[in-house]
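This report refers to the structure that appears directly beneath it.
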Amino acid sequence: AQSVAQPEDQVNVAEGNPLTVKCTYSVSGNPYLFWYVQYPNRGLQFLLKYITGDNLVKGSYGFEAEFNKSQTSFHLKKPSALVSDSALYFCAVRDMSGQNFVFGPGTRLSVLP
Amino acid sequence: NAGVTQTPKFQVLKTGQSMTLQCAQDMNHNSMYWYRQDPGMGLRLIYYSASEGTTDKGEVPNGYNVSRLNKREFSLRLESAAPSQTSVYFCASSEGGTGTYEQYFGPGTRLTVT
Numbered sequence: 213a214q215s216v217a218q219p220e221d222q223v224n225v226a227e228g229n230p231l232t233v234k235c236t237y238s239v240s241g242n243p244y245l246f247w248y249v250q251y252p253n254r255g256l257q258f259l260l261k262y263i264t265g266d267n268l269v270k271g272s273y274g275f276e277a278e279f280n281k282s283q284t285s286f287h288l289k290k291p292s293a294l295v296s297d298s299a300l301y302f303c304a305v306r307d308m309s310g311q312n313f314v315f316g317p318g319t320r321l322s323v324l325p
Numbered sequence: 185n186a187g188v189t190q191t192p193k194f195q196v197l198k199t200g201q202s203m204t205l206q207c208a209q210d211m212n213h214n215s216m217y218w219y220r221q222d223p224g225m226g227l228r229l230i231y232y233s234a235s236e237g238t239t240d241k242g243e244v245p246n247g248y249n250v251s252r253l254n255k256r257e258f259s260l261r262l263e264s265a266a267p268s269q270t271s272v273y274f275c276a277s278s279e280g281g282t283g284t285y286e287q288y289f290g291p292g293t294r295l296t297v298t
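Right under this line is the structure:
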């Protein structure tokens, strides 16, 4: 069965500094990987996905993610954090044979001015 | 496009009461999903519908039923609510098919069972 881990409950970063939110996964076969963001009292919004191809994926709002098959990781990154990036971030995986998405527990990102 | 809409936004139930959460999408998506979100646990899939006319259980289906009314609408019913069902419920949709498509989420329903 597939699973997703987000090892950090909380990440704090100063505005203007680079940020990384970590995600590791376990899935049989090739993974389809996704990142979503949730602002307070809102539903999740799609940021980016890895399906195949280039290991560096670019998404919305200046975010990117790096797929590393050997380390089974899909870390979310941004070169320069904004206060408005403060939110809850979820990594999700879906395998080729399944219909389901499996979400990680979420990482709360706080960007400090 | 409204995207994915959910009603109601908030609901308080007493133990044993029933209710139906409504979800509709206007993106002509094939697949629809119901999740619950609890602190520290991420989103857990309750039921999904890969296409109109089909429904399947997810990770936590006990105590819930669903109906895929048509391509647009997917409802979630709690027949006899329990305090353990206090949660935030999200409906989502996606184009479905091969699994490469992302999901689009509604704004959520915050349910409290006393």
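Quick note, the sequences are listed as chains A and B, same order. Just so you know, the first sequence maps onto residues 213 to 325 in this note's numbering. Just so you know, the second sequence maps onto residues 185 to 298 in this note's numbering. Note that beta-carbon positions come from the ideal geometry of N, C-alpha and C, so glycine has one too.
### Query
Do the stretch 278–288 of chain A and the stretch 230–249 of chain A meet, that is, are 3 or more Cβ pairs less than 8 Å apart?
The stretch 278–288 of chain A is in contact with the stretch 230–249 of chain A.
### Query
Phe302(A) touches chain B at which residues, Cβ-Cβ below 8 Å?
By one-based count along the first sequence, residue 302(A) stands at place 90. Within chain B, the residues near Phe302(A) are Gly226, Leu227.
### Query
For Phe194(B), which residues does DSSP report across the bridge?
Along the second sequence, read from residue 1 onward, the residue named residue 194(B) stands at position 10. According to DSSP, Phe194(B) bridges with Arg294(B).
### Task
Mark Leu324(A) as exposed unless 16 or more other C-beta atoms lie within 10 angstroms of its C-beta, in which case mark it buried.
Position 112 of the first sequence, counted from the first residue, corresponds to residue 324(A). By the neighbour-count rule (16 or more Cβ atoms within 10 Å), Leu324(A) is not buried but exposed.
### Message
So the candidates are Ala293(A), Gln257(A), Asn253(A), Asn280(A); which of them puts its Cα closest to the Cα of Ile263(A)?
### Response
Numbered from 1 along the first sequence, position 51 holds the residue referred to as residue 263(A). Nearest in C-alpha terms to Ile263(A), of all of Ala293(A), Gln257(A), Asn253(A), Asn280(A), is Asn280(A).
#### Entry: Alpha carbon of Lys290(A) to alpha carbon of Ser264(B), nearest angstrom
Stepping through the first sequence from its first residue, residue 290(A) is reached at position 78. Stepping through the second sequence from its first residue, residue 264(B) is reached at position 80. Inter-residue distance for Lys290(A) and Ser264(B) is about 45 Å (C-alpha atoms, whole angstroms).
### Message
Considering Cα atoms alone, identify which of Leu295(B), Arg294(B), Arg252(B), Val297(B) is closest to Thr238(B).
### Response
Position 54 of the second sequence, counted from the start, is the residue given in the question as residue 238(B). Nearest of Leu295(B), Arg294(B), Arg252(B), Val297(B) to Thr238(B), Cα basis: Arg252(B).
### Query
Tell me the DSSP bridge mates of His287(A)?
If you number the first sequence from 1, residue 287(A) lands on position 75. Per DSSP, Glu278(A).
### Message
Can you list, in chain order, the residues of its chain with a C-beta nearer than 6 Å to that of Ser292(A)? Leave out the 5 residues immediately preceding and following it.
### Response
Residue mapping note: residue 292(A) aligns to position 80 of the first sequence, counting from 1. If we look at Ser292(A) and ignore the five residues flanking it on each side, its Cβ neighbours are Gly228.
### Cutoff 9 Å: Phe279(A) Cβ touching any chain B Cβ
As a position in the first sequence, residue 279(A) is number 67, starting the count at 1. Answer no: the Cβ-Cβ gap between Phe279(A) and chain B never drops below 9 Å.
### Gln209(B) - DSSP class collapsed to helix/strand/coil
Stepping through the second sequence from its first residue, residue 209(B) is reached at position 25. Strand, per DSSP.
### Query
Per DSSP, what kind of secondary structure is Val295(A) in: helix, strand or coil?
On the first sequence, residue 295(A) is found 83 positions in, with the first residue counted as 1. Val295(A) falls in the helix class under three-state DSSP.
### Query
Of all the CB atoms in chain B, is at least one closer than 9 Å to the CB of Gly228(A)?
As a first step, residue 228(A) must be located in the first sequence, where it is residue number 16. Answer no: the Cβ-Cβ gap between Gly228(A) and chain B never drops below 9 Å.
### Query
Alpha carbon to alpha carbon, how far is Glu236(A) from Gly280(B)?
For the purposes of this step, residue 236(A) is taken as the residue at position 24 of the first sequence. For the purposes of this step, residue 280(B) is taken as the residue at position 96 of the second sequence. Checking the sequence, you will find Thr at residue 236(A) rather than Glu. So the two alpha carbons sit approximately 24 Å from each other.
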